[in-house]
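Here the structure is laid out as structure tokens; the discussion comes afterwards.
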Amino acid sequence: MRGLLVLRDQVRLAPKPFGLAVGGSVLYAITTVASSAVLGWVVDNVVAPRFTEGRVASGTVIAGILAILAVGVCKSVGIVMRRLGAMTAQAQVQAVLRGRVIDKYLDLPLSFHRARPTGELLAHADGDAEAATGVLAPLPWATGILVLLVVTGGWLVATDPFLGVIGLVLLPSVLLVNVAFERRLEVPANQAQERYGDLSAVAYESIDGALVVKTLGAEGRESDRFAAKAESLREAKVELGSQQALLFQLLDALPTAGILLLLVVGAWRVDRGIITPGTLIAFVNLLRLVTWPLHMVGWVLGSLPRTVAGNDRVQGVLRQPVPPASELRLVAPPSGVGLDVRDLHFSYGAGAAVLDGVSFCIPQGCTAALVGATGAGKSTLMQILGGLLDPASGTVSAPTPVALAFQEPFVFADSAFTNISLGTDLTEADVARAARIAQADEFLDRLPRRYDSVIGERGATLSGGQRQRLALARALVRRPQLLLLDDATSSVDPSTEADILRGLSSELAATTTLIVASRPSTIALAELVLFLDGGRIAASGTHAELLVTSPGYARLVQAYEQDRVA
Amino acid sequence: MGSDDGTWRVLKRGWETSPAIRQGAVLTALLALVGAAGQAAIPVLIQQMLDRGLVDGRMQGGMLAVLAVIGFGVVVTTAVAGVMTRRRLIRRGEEALAALRVDAFRHIHRLSIATQSEDRRGALVARVTTDVEQLSQFLSWGGVAWLVNTSIIIIVVIVMVVYDARLAFVAIAVVLPMVAVLKAVQHRIAARYDAVRSRLADLLTAVSETVMGASVIRAYGAQPVMRRRAQSTTEALRVSQVRAAQMSAFLFPTGELFSVLTVAAVLGVGLFLGPASGLSAGELVAFVFLVNLFLQPVAEFTDIIDQTQLAVAGWRRVLDVLATPIDLVEPEPGVLLPHEPPQVTVDHVSFRYGSGPMVLDDVTAVLPAGARIALVGATGSGKTTLAKLLARLADPTDGRVLVGDHDVRDVASPSLRSTVVMVPQEGFLFDATIGANVRFGKPGASDAEIHAAFADLGLDDWLAGLAHGLDTPAGERGDSLSVGERQLVSLARAYLADPYCLILDEATSAVDPATEVRLAEAVESLSRGRTTIAIAHRLSTAERADLVLVMEHGRLVEQGRHADLVEAGGPYAKLHERWVSGTASLA
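Written out as structure tokens, the structure is:
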């Protein structure tokens, strides 16, 4: 029943092509019956006279052959209408669903994305959208086949109840075997799929870790591990193939046996003078034509649960409420102040407070370092300042625009130019200047088509440090008043990092920079250090001051000193 | 390394590579013919009935009973033969594919890291997963269809010729142009479906960027540009789907049209010939059914051939992997290394990946036994490649690497692997528990040994701090642990492997201070009593080393002790200066 509602909604998205497909299917059904009737007529009125009496009027022969051809052409038209309509409808509905899902992804807040694995989100726009429309395309055909079944059954019963009974038993039983077939194969099919997943995971992991495997001389062990997976996959596949063999053959033999029965009983009825030989041939031909597409009805019934499930997953995304835009309104700070944060509180869900009254102030143009142990809430604070998370309470005042760069930058499969400009109206010169400050120009200039070169997934691969510098250029091109760097230079070597920050202070002198630092060289470049501990700024000042005034800070940075002194 | 072998050549290679598919192939083919005979049961029965009086409306009861019994007998027998055919084919085929998968996998692991370089790994994984899987999918319908359809065509043609060779000729003559039509159109359809696939790939890229770049998109308000991109890719996909649908919709009824043409032609010729030519009414009507039986497998073949070409292409890729020469040749018999920290000698070593530029250019150095050596240099200077050659993960293009007195190429690989162990930078972990990951260094090690390893490295308190201790899952590629923690586990793994020569690729990425201290201590304990070569990203590592090797653009430009090199004022001194300017203010 749910399935019908899903289909109704989908049909509404593409009523015209769907209607075309249903029309074509009905035409197909009618012409299928007609073709058998014509064959029966030809046997009785053309073939029988020619071979028993030796002669037949040539006009009758021509009429018979033309009728066969005409019906064939009409049937072909029905097939074209059905396929064209069905596939167009499916493409149309898929496009609508996919478009809606992506739109929703863009509208939903970051927390939605964080809470779900990437693969799952991809699947909603790919496999799920496809599964959701899985029944839409074959549905018109299934409708046509139902018409065909009813007409066939009616004709058989009306002509001769004996033959009618055979037809009425045969057709539903073929349908039942089909449905059972779908169900029965599901278990071994899923098992094979699962084991293939296991095998792929081992292959991926083992080849990905080839260096470790090789250096520890574990090639043999890994091959044995893979061989065990391959063996269990083989078993599942042989099991599946075995069942398929039985069921396919049954689906082949059952109609044949049924038609045979019809033929035998029919011959007896012909002998009794109840039907003509031509009618018997027509019935045999019709049953042959009807049993084959019954697969499709079985398939549609079998796929309906998958369609409903796919649709549920898609709708699950579309039903997600979009919360109102960020609560945090950046207040313009008094002149000379680069960033002023007052009493910021935050916790994830109902968890413990991550930020518990964070307050600090950075003068304009100053470079400040945010230091804290792992898990102290540095990234959370940066994301609040960057507008990606809403604080529970507190205020942030900063001049706009604000730009935030991450430790693990994302590179779009697009040109370097687009990756930096991200669709904003910027000139080549703006982008090049930002790249120069970010020290990204040296490798971008070397790309084959410079800033027009495609990078990322389908283009030139960049190293971790190069990606970070690209992301930095992305942030700088906006000429931010406040620049937030969340460990955004961790993979850049310290001397380049120093060059970048030097360039920043000369080229963007008015920009206030806040850097999450976990490298001593980075801390060294800051004029002001903020020590985040216990959910608040536990101490602030220069590095030298903090070493004296804050024992917690001293302990934290001592780690680096030990490495240096030892 | 891709070969340009044609389809037949690939089939021949495949046939030769997999003994499983050769076993009992003749019997399977015979069974398929028997199974296909069942298809002819209905037309033959119709002919018999009509010609034994039914065409005049008469059928003798006894005769009818005999025909019925024979008919059902044939249907049952051929069905059994059919099931056996399919089962035999799948069993042998899957056996061959499983063997092919495992052989290819073993082969991949024997290749050097120059051949299985990082950018080729995805492709290599695909060889043993999707490519073989595609073959398996093909086997279950395409392979079966080849066997079953060929058998049906053979049987039907035989029955047609027995009935009337002239009509058989007419039927085949009308069907042949259909094959040409289908063949011609199918290529164009395939091209349109290729377009659908690439549009789908574009869409998936757009979606994955929307998802994976969620932070960046929100941080920079890039929603409008992403929305435009998503709209244009979904629309492009829809258009490509409709274009493919149009062509396939018009191709689809080809079989139907040719079917009525053939039936009309056969009926016309049959009626013209008439009873005088020896043709009977039953035979002519049977032909109508035989024509349809014949047409379906022929029409399917055009599709199957296309699928076959795809499957063969996949097969070729897998066979090509097996044909890739093993570039790390195992010596016969191999030398065994003595049980002591070795001196490592690099003797005029040059190296390039494939035909790429020289990554190492005539490097010569002696790394004394038991010493601590630091390899320093900018990214891309060749220090990691040199380290990999020392561990024989690849062989030099020129020159040689000696461990002790032996060229690594002469050392039996178990002996080499137990003597020289490299700890890669990111500390790759398997998706298993921490205990299982450490045990990877020494299969069969007890939990006590593993605990002892952590304790000896000073990591017992870290281990104790984990909720599940050794049973803590590491996650996919070790993702449940931080970068630093992953390295701790790989150090413990290396400790358990207990090599005499340790090669360490230090992490560049920052780890939190507490882990940093632990790492430093663990490395310290681990390197005791071994020849240790560290690819150094930390100044302190270089300072502590007995010997520093400075690499620049694939060349060894300087070597000596830290203090002497600083004094010398060469490349190392410059590197050091920049290093210190980054950290000195803290000291």
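Chains as they are written, first to last, in the working numbering: chain Z, 71 to 636; chain D, 8 to 594.
Note that the Cβ used here is the ideal one computed from N, Cα and C, for glycine as well.
What you are looking at is a predicted structure, and each value in this text was computed from that prediction instead of being measured.
Taking the C-alpha atoms as reference points, what is the distance between residue i and residue j?
i: D:Thr331; j: D:Ala180; result: 47 Å
i: Z:Gly343; j: Z:Leu233; result: 14 Å
i: D:Leu343; j: D:Leu423; result: 8 Å
i: D:Ala43; j: Z:Thr102; result: 26 Å
i: Z:Thr612; j: Z:Ser181; result: 35 Å
i: D:Val186; j: Z:Val141; result: 23 Å
i: Z:Phe480; j: D:Gly220; result: 6 Å
i: D:Glu513; j: Z:Asp569; result: 24 Å
i: D:Pro340; j: D:Pro421; result: 12 Å
i: Z:Ile215; j: Z:Val360; result: 8 Å
i: Z:Gln632; j: D:Leu393; result: Low confidence applies here, because Z:Gln632 scores a pLDDT of 46, under 50, leaving its location unreliable and the question unanswered by this model.
i: Z:Gly93; j: Z:Val334; result: 36 Å
i: D:His116; j: D:Thr136; result: 15 Å
i: D:Gly434; j: D:Ala372; result: 27 Å
Consider the Cβ of residue i: report whether some Cβ of chain D lies at a distance smaller than 8 Å.
i: Z:Asp173; result: yes
i: Z:His183; result: yes
i: Z:Ala609; result: no
i: Z:Val96; result: no
i: Z:Ser417; result: no
i: Z:Ala84; result: no
i: Z:Asp341; result: yes
Mind listing the chain Z neighbours of residue i? Cutoff is C-beta to C-beta under 9 Å, in chain order.
i: D:Ile159; result: Simply none; closest approach about 11 Å.
i: D:Glu101; result: Leu303, Arg304, Glu305, Lys307, Val308 and Gly311
i: D:Ser453; result: Within chain Z, no residue comes near D:Ser453; the closest Cβ sits about 18 Å away, beyond 9 Å.
Taking 8 Å as the CB-CB limit, is residue i close to chain Z?
i: D:Ser147; result: yes
i: D:Pro431; result: yes
i: D:Ser425; result: yes
i: D:Ser420; result: yes
i: D:Gln141; result: no
i: D:Leu40; result: no
i: D:Met8; result: Interpretation of D:Met8 is limited by its pLDDT of 42, a score under 50 that renders its predicted location unreliable; the figure taken from the coordinates is listed afterwards. No, no contact with chain Z.
i: D:Ser532; result: no
i: D:Pro450; result: yes
Short of 8 Å in beta carbon distance, which residues of its chain neighbour residue i, apart from the five on each side in sequence? Order them along the chain.
i: D:Asp334; result: Leu118, Ser119, Ala121, Thr122, Ala401 and Asp402
i: Z:Ala443; result: Asp603 and Leu626
i: D:Glu528; result: Leu464 and Gly465
Is there a Cβ from chain C that is less than 8 Å from the Cβ of residue i?
i: Z:Val283; result: In the structure shown, chain C does not exist; the protein chains are Z and D.
Report the neighbours of residue i on chain D: residues whose CB is nearer than 9 Å to its CB, in chain order.
i: Z:Met157; result: Gln248, Val249, Ala251, Ala252, Gln253, Ser255 and Ala256
Which chain Z residues are close to residue i, counting only those with a beta carbon under 7 Å from its beta carbon?
i: D:Phe447; result: Leu286 and Ala288
i: D:Phe437; result: Glu275 and Gly279
In chain D, which residues lie with their C-beta within 8 Å of the C-beta of residue i?
i: Z:Val249; result: Near Z:Val249 there are no residues of chain D at all, since even the closest Cβ is about 20 Å away, more than 8 Å.
i: Z:Phe480; result: Glu216, Met219, Gly220, Ser222 and Val223
i: Z:Glu577; result: What Z:Glu577 touches in chain D: nothing, since even the nearest Cβ is about 20 Å away.
With a threshold of 7 Å on Cβ separation, who are the neighbours of residue i within its own chain once the five nearest residues in sequence on each side are excluded?
i: D:Gly448; result: Arg500, Ala501, Leu503 and Ala504
i: D:Gly442; result: Asp454, Ile457, Leu477 and Asp478
i: D:Leu396; result: Val356, Phe358, Pro403 and Val408
i: Z:Gly447; result: Val424, Leu425, Leu602 and Gly605
i: Z:Ala558; result: Ala475, Phe476, Gln477, Gln538, Ala541 and Leu542
i: Z:Ala104; result: Val141
What in chain D is Cβ-close to residue i, meaning under 7 Å?
i: Z:Ala508; result: Within chain D, no residue comes near Z:Ala508; the closest Cβ sits about 15 Å away, beyond 7 Å.
i: Z:Tyr266; result: Glu140
Excluding sequence positions up to five away, which residues of its chain have a Cβ less than 6 Å from the Cβ of residue i?
i: Z:Gln536; result: Phe513
Could you work out which residues of chain Z lie near residue i, taking near to mean beta carbons separated by less than 8 Å?
i: D:Gln123; result: Ile277 and Ala280
State yes or no: is the C-beta of residue i nearer than 7 Å to some heavy atom of the ligand NAD?
i: Z:Gly73; result: What this structure holds is no ligand at all, so the ligand NAD is not there to describe.
Would you mind listing the beta strand (DSSP E) stretches within the stretch 527–573 of chain D that are 3+ residues and don't spill past its ends, in chain order? 538–542, 554–559 and 562–567
Can you give, in chain order, each stretch of the alpha helix (DSSP H) that sits fully within the stretch 413–487 of chain Z and has at least 4 residues? 448–455
Ignoring anything shorter than 4 residues or poking outside the stretch 249–316 of chain D, list the alpha helix (DSSP H) runs there in chain order. 261–280
Any chance you could list the alpha helix (DSSP H) runs of at least 4 consecutive residues sitting entirely within the stretch 533–599 of chain Z, in chain order? 534–546, 564–577 and 590–594
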